[in-house]
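**Student:** In the working numbering, the protein residues as written are 83 to 977. Glycine residues also receive a C-beta, built at the ideal position from the N, C-alpha and C atoms. Quantities reported herein were computed from a predicted structural model and do not represent experimental measurements.
1) Along the chain, where does the alpha helix (DSSP H) containing residue 244 start, and where does it finish?
2) If the criterion is Cβ atoms closer than 9 Å, does the pair residue 252 and residue 269 meet it?
3) Verify whether the separation of the beta carbon atoms of residue 319 and residue 353 is less than 9 Å.
4) For the segment 184 to 260, which segments carrying the alpha helix (DSSP H) assignment without a break, of at least 4 residues, lie completely within its bounds, in sequence order?
5) Could you check what DSSP says for residue 264 in three-state terms: helix, strand or coil?
6) So for residue 812, helix, strand or coil by DSSP?
7) Taking the C-alpha atoms as reference points, what is the distance between residue 338 and residue 286?
8) Measuring alpha carbon to alpha carbon, tell me which residue in 710, 639, 717 is nearest residue 673.
9) Reducing DSSP to helix, strand and coil, say where residue 840 ends up.
10) Please work out which residues of its chain come closer than 6 Å, Cβ to Cβ, to residue 185, disregarding the five sequence neighbours upstream and downstream, and give them in chain order.
11) If residue 100 and residue 177 are in contact, beta carbons under 8 Å, what's the gap, nearest whole angstrom?
12) Roughly how many angstroms separate the alpha carbons of residue 669 and residue 675, rounded to a whole number?
13) Does the beta-carbon of residue 549 have 16 or more other beta-carbons within 10 angstroms, so that it is buried, or is it exposed?
14) Leaving out the 5 sequence neighbours to the left and right, which residues in its chain are closer than 8 Å to residue 903 when beta-carbon positions are compared?
15) When you compare only the Cα positions, how much space is there between residue 975 and residue 918?
16) Are the beta-carbon atoms of residue 755 and residue 806 separated by less than 9 Å?
17) Terminal residues of the continuous alpha helix (DSSP H) containing residue 541?
18) Go ahead and label residue 506 buried or exposed: buried means 16 or more other beta carbons lie within 10 angstroms of its beta carbon, across all protein chains shown.
19) Pull up the DSSP beta-bridge partners for residue 344, would you.
20) Secondary structure at residue 652, three-state DSSP: helix, strand or coil?
21) Which runs of the alpha helix (DSSP H) at least 4 residues long sit entirely within the segment 664 to 691? Give them in chain order.
22) The alpha helix (DSSP H) with residue 1039 in it runs from where to where?
23) With DSSP as the reference, label residue 897 as helix, strand or coil.
24) What's the call for residue 971, buried or exposed, on a 16-neighbour Cβ count within 10 Å?
25) Compute the Euclidean distance between the alpha carbons of residue 461 and residue 423, then round it to the nearest angstrom.
26) Excluding sequence positions up to five away, which residues of its chain have a Cβ less than 6 Å from the Cβ of residue 923?
27) Suppose the cutoff is 6 Å on Cβ atoms and the five residues either side in sequence are ignored; what does the same chain contact list for residue 880 look like?
28) Put residue 602 into one of helix, strand or coil per three-state DSSP.
29) Going residue by residue through the segment 876 to 924, where are the continuous alpha helix (DSSP H) segments of at least 4 residues, counting only ones entirely within it?
30) Does the distance from the CB of residue 425 to the CB of residue 441 come in under 9 Å?
31) Select from 500, 498, 501, 474 the residue whose C-alpha is nearest the C-alpha of residue 488.
32) Give the list of continuous alpha helix (DSSP H) stretches no shorter than 4 residues that lie fully inside the segment 293 to 335.
33) Helix, strand or coil for residue 290? Go by DSSP, reduced to three states.
34) Quick one, are the C-beta atoms of residue 341 and residue 257 less than 9 Å apart?
35) Taking only the alpha-carbon atoms, compute the straight-line gap between residue 421 and residue 412 and give it to the nearest angstrom.
Written out as structure tokens, the structure is:
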């Protein structure tokens with residue numbers, strides 16, 4: 083057999099392979115007689131051969147499969163001749179008829195092979211289509227061959243051009259009896275059974291053939307593509323397509339779970355959205371009744387009763403919601419009224435899934451017109467009370483389904499915040515329920531977080547109506563801070579935050595009142611400070627429990643909540659504050675609370691090199707919060723003294739994880755304008771970076787051992803030069819640069835630029851140097867002082883040296899150096915009369931030339947291209963073309 087195939091493959095166009103094999107088998111031809119057989123005419127006995135035995139039939143089918151696979155890469159015309167010569171169509175037809183005539187017999191040993199061959203054969207022609215239709219419909223009881231034939235149709239439909247129009251039309255008549263496709267050639271369709279697809283779907287439903295239903299829905303999505311587009315065109319032209327839409331609704335409205343058991347509702351979503359968009363554009367309300375039916379179908383499909391931890395189902399649910407929102411924009415609020423009325427009538431104990439489903443849909447449509455407000459308030463807030471009761475029921479379990487349902491209900495209540503502000507009685511009921519569930523029931527972690535989120539939203543949005551809960555919150559704070567691992571840290575910190583929100587909420591509307599005068603504003607801020615002092619008395623006693631990290635987080639959480647509502651950040655200039663009694667009172671209170679906090683942070687939290695890094699981080703977070711918030715007023719020296727005590731006297735500086743926190747603290751002092759003068763900057767720098775009292779391991783040395791800290795350090799300096807440049811560069815002759823910290827910073831930055839080669843560090847340093855050299859915010863004195871330093875030729879602190887260092891960096895960066903050239907370009911643009919001289923100095927510098935020689939090029943060649951480099955840079959006239967010039971120079975030197 084192997085020899086036969088080899089002979090055939092050498093001359094495919096000549097031999098009828100199948101008949102050749104048949105004759106070899108029938109006549110028992112031996113190897114030595116093979117050439118005689120090949121040289122004489124052979125009678126075609128293939129049909130008799132396959133008819134003689136199911137084994138021979140299968141053998142022939144196997145040969146056909148091999149042959150068709152061989153022909154996949156063959157020219158179509160040549161392949162078609164071979165297919166015809168081998169009588170493949172007749173053999174396939176014979177086998178299809180075999181299945182049709184003997185529908186009750188078992189031919190499972192050949193069916194898979196046959197259907198695979200049919201799929202491949204359809205690449206050549208669609209002659210088999212009528213046979214396939216007949217086979218598909220031959221058994222309308224068990225639908226024995228319907229599924230595999232549908233799979234074949236799906237394959238050819240998905241590959242455009244394999245099915246002619248008439249065949250497609252006929253196919254759609256079976257699966258979409260109301261098809262909108264026109265019968266152009268008036269083909270006979272009288273034999274088509276319009277009920278076939280209905281019976282088939284019912285058969286699949288009755289037998290729970292989920293896989294087949296899924297395949298059928300995929301097939302539909304491809305089959306209906308053209309007719310649905312045509313339908314949309316007809317709707318656009320105001321032609322009636324009600325009957326077509328009704329059929330689509332019928333194939334969706336089957337009692338199976340979407341996604342897992344059926345995909346009609348999923349795959350048709352895009353069509354329905356296109357339909358609704360079309361109707362909206364034309365304000366066409368002709369199909370409102372159909373859309374209502376469509377929504378009812380999706381309502382049933384979307385219920386979480388159909389959910390079994392399937393993420394795809396949740397995605398389907400979200401997409402269905404988008405469709406309903408789309409319909410709502412066309413139909414109007416009647417949908418919402420119907421939903422709320424339905425919720426009013428539901429028994430939540432008997433139908434909790436439908437209740438959650440309707441609330442979920444309502445969440446996405448909710449508005450507060452007069453009728454909606456009446457429905458929400460109806461029967462003593464019946465809907466809201468049902469939501470509350472449902473939450474209680476759900477919280478008794480802790481699984482994915484419960485969490486999903488709870489999120490729906492809490493989202494609904496959160497969306498009602500405006501309604502609840504006008505109906506305080508039911509608002510109080512909700513808050514009481516939440517506090518009861520959180521603190522008196524052992525709910526799961528996810529449940530707790532969901533309930534806390536709702537509580538947070540309501541306190542922030544409705545806090546001005548929750549004054550009666552102040553004592554309750556204080557009791558909760560006192561109990562939770564004293565408890566031993568009863569409550570989660572997240573719960574305790576969140577309650578501290580919400581207590582702060584609650585205390586400040588009464589002032590929110592007044593703080594944003596346009597008619598608010600200065601004294602009244604200060605009075606409100608004084609109240610905030612009084613509240614802060616009261617809070618500190620609550621948290622003072624738990625400090626002995628040694629849960630320092632939690633206490634620090636709670637304090638920060640409280641103050642965030644207290645200051646959260648004052649988003650206006652009405653900054654007060656304490657130096658120029660008017661002399662009113664209220665102003666002085668506010669200043670005194672602000673100083674006192676700041677002093678109390680700093681004292682608390684100094685005396686109650688013992689930090690040293692062994693302290694847990696999380697506690698250290700929480701401590702610094704609190705310091706940074708105080709610095710960043712305008713409600714606190716303090717002397718810079720007080721904060722620096724506190725930091726100095728902790729870093730050096732307590733030996734915290736030995737804790738390797740604190741350095742980034744120190745830099746971030748310095749950055750906050752700069753950002754929030756707590757450092758106002760160069761002397762302030764010097765004092766801060768000398769405290770945090772180069773503390774002379776702690777020479778053993780001061781931060782300036784530590785920074786240069788940690789490249790991540792180097793980057794953060796230069797980001798800090800860049801920020802300073804960008805927003806508060808006067809605290810780093812002397813702005814008048816009252817300051818002497820040589821005696822100040824500025825000189826140290828500038829000299830060290832040039833040393834670092836020369837020292838480091840890591841790209842991310844060089845990026846941060848070059849940004850700093852660009853801002854140092856070319857800062858548009860400098861006054862005349864500052865510009866002069868920088869130029870006076872760097873303009874001199876040949877000095878270490880000189881533009882010529884910076885250019886030389888830059889080009890040496892270019893030669894060591896493997897081609898990634900645009901940011902370095904950008905620094906050079908900035909120098910060129912600022913000093914157009916001088917830069918050529920600096921380049922001349924560079925190319926004659928021994929260190930630079932030595933670096934160029936590393937590329938093993940001749941010195942004459944190097945001198946030549948370096949001179950050309952300067953000339954090309956001059957031509958660029960300071961434009962970004964310099965980057966390309968340097969790139970070309972580098973490539974010429976390095977290749």
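**Tutor:** Looking at the atomic coordinates:
1) On the chain shown, position 162 is the one that residue 244 refers to. Taken as a continuous stretch (DSSP letters only), residue 244 belongs to no alpha helix (DSSP H), as it is neither H nor E.
2) Against the chain shown, residue 252 aligns to sequence position 170. Against the chain shown, residue 269 aligns to sequence position 187. Yes, these two residues count as a Cβ contact at 9 Å.
3) Locating residue 319 in the chain shown gives position 237, where the first residue counts as 1. Locating residue 353 in the chain shown gives position 271, where the first residue counts as 1. In terms of Cβ geometry, residue 319 and residue 353 do not form a close pair [threshold 9 Å].
4) Considered as a whole, the segment 184 to 260 harbours 190 to 203, 211 to 219, 228 to 240, 247 to 257 as its complete alpha helix (DSSP H) runs of no fewer than 4 residues, in chain order.
5) For this step, residue 264 is matched to residue 182 along the chain shown. If DSSP states are grouped into helix, strand and coil, residue 264 belongs with coil.
6) For this step, residue 812 is matched to residue 730 along the chain shown. In the three-state scheme derived from DSSP, where H, G and I count as helix and E and B as strand, residue 812 is classed as coil.
7) Here residue 338 is taken as the residue at index 256 of the chain shown, counted from 1. Here residue 286 is taken as the residue at index 204 of the chain shown, counted from 1. Each residue's Cα considered, the two are about 10 Å apart.
8) As a first step, residue 673 must be located in the chain shown, where it is residue number 591. Nearest C-alpha to residue 673: 717.
9) Start at 1 with the first residue of the chain shown, and residue 840 comes out as number 758. The three-state reading of DSSP puts residue 840 in coil, since its state is none of H, G, I, E or B.
10) As a working note, residue 185 is residue 103 in the chain shown. Excluding sequence neighbours, residue 185 sits near 220, 221.
11) In the chain shown, the residue the question calls residue 100 occupies position 18. In the chain shown, the residue the question calls residue 177 occupies position 95. Between residue 100 and residue 177 the beta-carbon gap is near 13 Å, outside 8 Å, which marks them as no contact.
12) Working through the chain shown from its first residue, we reach residue 669 at position 587. Working through the chain shown from its first residue, we reach residue 675 at position 593. Near 10 Å, if we compare the C-alpha coordinates of residue 675 and residue 669.
13) Locating residue 549 in the chain shown gives position 467, counting from the first residue. Around the beta-carbon of residue 549, fewer than 16 other beta-carbon atoms lie within 10 Å, marking it exposed.
14) For the purposes of this step, residue 903 is identified with residue 821 of the chain shown, where counting begins at 1. Closer than 8 Å at the Cβ level, and outside the excluded window around residue 903, lie 888, 892, 964, 965, 968.
15) For the purposes of this step, residue 975 is taken as residue 893 along the chain shown, with counting starting at 1. For the purposes of this step, residue 918 is taken as residue 836 along the chain shown, with counting starting at 1. Roughly 21 Å between the two C-alpha positions.
16) By one-based count along the chain shown, residue 755 stands at place 673. By one-based count along the chain shown, residue 806 stands at place 724. The answer is yes: Cβ separation under 9 Å.
17) In the chain shown, the residue the question calls residue 541 occupies position 459. Where residue 541 is concerned, the enclosing alpha helix (DSSP H) stretches over 527 to 544.
18) On the chain shown, position 424 is the one that residue 506 refers to. Burial call: exposed.
19) For this step, residue 344 is matched to residue 262 along the chain shown. Note: residue 344 sits in a beta bridge opposite 340.
20) To locate residue 652, count along the chain shown from 1; it is residue 570. Any reading at residue 652 must be qualified, since the residue scores a pLDDT of 47, below 50, and its modelled position is unreliable; the value itself is stated next. The three-state reading of DSSP puts residue 652 in coil, since its state is none of H, G, I, E or B.
21) Runs of the alpha helix (DSSP H) inside the segment 664 to 691: none found.
22) Past the boundaries of the shown model lies residue 1039; the chain is included only from 83 to 977, so the question cannot be answered.
23) Indexing the chain shown from 1 puts residue 897 at position 815. It is coil, neither helix nor strand.
24) Position 889 of the chain shown, counted from the start, is the residue given in the question as residue 971. Around the C-beta of residue 971, 16 or more other C-beta atoms lie within 10 Å, and the residue is accordingly described as buried.
25) As a position in the chain shown, residue 461 is number 379, starting the count at 1. As a position in the chain shown, residue 423 is number 341, starting the count at 1. Distance from the CA of residue 461 to the CA of residue 423, rounded to the nearest whole angstrom, comes to 12 Å.
26) The sequence position of residue 923 within the chain shown is 841, counting from 1. Contacts found: 882.
27) As a position in the chain shown, residue 880 is number 798, starting the count at 1. Once the five neighbours on either side are set aside, the close Cβ partners of residue 880 are 872, 874.
28) As a working mapping, residue 602 is identified with position 520 in the chain shown. Three-state result, residue 602: helix.
29) The segment 876 to 924 contains these whole alpha helix (DSSP H) runs: 881 to 892, 900 to 912.
30) Residue 425 sits at position 343 when you count from the first residue of the chain shown. Residue 441 sits at position 359 when you count from the first residue of the chain shown. Taking 9 Å as the Cβ cut-off, residue 425 and residue 441 qualify as a contacting pair.
31) Against the chain shown, residue 488 aligns to sequence position 406. Of the candidates 500, 498, 501, 474, the one whose C-alpha sits nearest the C-alpha of residue 488 is 474.
32) Secondary structure in the segment 293 to 335: the alpha helix (DSSP H) runs of 4 residues or longer, each lying completely within the stretch, are 307 to 318, 324 to 334 in chain order.
33) For the purposes of this step, residue 290 is taken as the residue at position 208 of the chain shown. In the structure shown, residue 290 sits in coil (DSSP, three-state: anything other than H, G, I, E or B).
34) Locating residue 341 in the chain shown gives position 259, counting from the first residue. Locating residue 257 in the chain shown gives position 175, counting from the first residue. Not a contact, by the Cβ cut-off of 9 Å.
35) Working through the chain shown from its first residue, we reach residue 421 at position 339. Working through the chain shown from its first residue, we reach residue 412 at position 330. Between the alpha carbons of residue 421 and residue 412 lies a gap of roughly 16 Å.
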